[in-house]
């Protein structure tokens, strides 16, 4: 299966093509919350590198948040346009599902939610399998300590801003921090599972995760 993966919900946006579980093309967009303007040019570059037409894409997986409202809207608009133009199945995946720990055990994928606190999703990695213990949630900083009591590793696209928040709120436990971009193979596999389960649209319908504290 040829899957297009796009996510511009954070300042570390990506565009990638995954073919049968392997990365055929990957582009990390320039850092910053205005990176969404680079999305379509990178998709077009990927098509040229792979020598394919957009009509040959079999599945589109797009990050639906939580994160930057502008990024969510732009990413979804690009994905919807491609889906509608060629009748390609469209699947929304929480951006938090793309941040994967390097280590075994329980981890928390986190995105800075600015004044609202942080967006968070907990999972357990065992071997090559990941099972999620929660859905995407938004938490105020004063409650984070209890939420993370069973967590060993925090994975995020921007650890520094979160660490500063933790310090300001006297959260002194020594979690292991891993700063990373989205794991596109894992993101695509989550989308492909949803496709097999029939959780996709071909009419451009997509529910974005506009989460508020």
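Residue numbers (the UniProt record's numbering): 1 to 213.
The beta carbon of each residue, even a glycine, is placed where N, CA and C say it ideally should be.
Note that the structure is a prediction, hence the values are computed from the model and not measured.
Taking only the alpha-carbon atoms, compute the straight-line gap between residue 131 and residue 94 and give it to the nearest angstrom. Residue 94 has its alpha-carbon roughly 14 Å from the corresponding atom of residue 131.
Contact between the stretch 192-203 and the stretch 157-173 is defined here as three or more beta-carbon pairs at a separation below 8 Å; is this criterion met? Touching, no.
Counting pairs of beta carbons, one from the stretch 121-139 and one from the stretch 43-50, are three or more of them closer than 8 Å? No contact exists between the stretch 121-139 and the stretch 43-50.
Taking 8 Å as the threshold (C-beta atoms), are residue 88 and residue 61 in contact? Their beta carbons are not under 8 Å apart, which means residue 61 does not touch residue 88 by this criterion.
Looking only at C-alpha atoms, which of 140, 149 and 203 sits nearest to residue 162? Looking at the Cα atoms, 140 is the closest of the given residues.
Tell me whether the beta-carbon of residue 202 lies closer than 8 Å to the beta-carbon of residue 76. No, they are not a contact pair.
Just checking: is the beta-carbon of residue 90 within a distance shorter than 8 Å of some beta-carbon in chain B? Absent from the structure: chain B. Only one protein chain is present.
Near residue 158, what residues of its chain come up, given a Cβ to Cβ distance below 8 Å and the 5 sequence neighbours on each side ignored? Excluding sequence neighbours, residue 158 sits near 10, 11, 12, 111, 112 and 179.
Counting only the same chain and skipping the five closest in sequence on each side, list residues whose C-beta sits under 6 Å from that of residue 97. Same-chain partners within the cutoff: 190.
If residue 14 sits next to residue 23, beta carbons under 8 Å apart, how far is it from one beta carbon to the other, in whole angstroms? Their Cβ separation, rounded to whole angstroms, is 11 Å, which puts residue 14 and residue 23 out of contact at 8 Å.
Give the secondary structure of residue 28 by DSSP, where H, G and I count as helix, E and B as strand, and everything else as coil. Per DSSP, reduced to three states, the secondary structure at residue 28 is strand.
May I ask you to report which of helix, strand or coil DSSP gives residue 179? In the structure shown, residue 179 sits in a strand (DSSP, three-state: E or B).
In three-state terms, what does DSSP make of residue 107? DSSP places residue 107 in strand when its eight states are reduced to three.
Among 117, 151, 153 and 56, which residue has its Cα nearest to the Cα of residue 142? Sorting 117, 151, 153 and 56 by C-alpha distance to the C-alpha of residue 142 places 117 at the top.
If you compare alpha carbons, which of 184, 2, 205 and 65 is closest to residue 120? Closest by alpha carbon: 65.
For residue 133, the residue or residues it bridges with in DSSP: DSSP output for residue 133 lists no bridge partner at all.
Taking DSSP as the reference, what is the three-state secondary structure of residue 15? Secondary structure of residue 15 (DSSP, three-state): strand.
Any alpha helix (DSSP H) of 4 or more consecutive residues that is wholly inside the stretch 143-187: Counting only runs of 4 or more, we get 159-168.
Residues near residue 127 in its chain [Cβ-Cβ closer than 8 Å; skip 5 each side]: These residues qualify, in order along the chain: 104.
Between the C-alpha atoms of residue 52 and residue 78, what's the straight-line distance to the nearest angstrom? Approximately 18 Å, taken between the alpha carbons.
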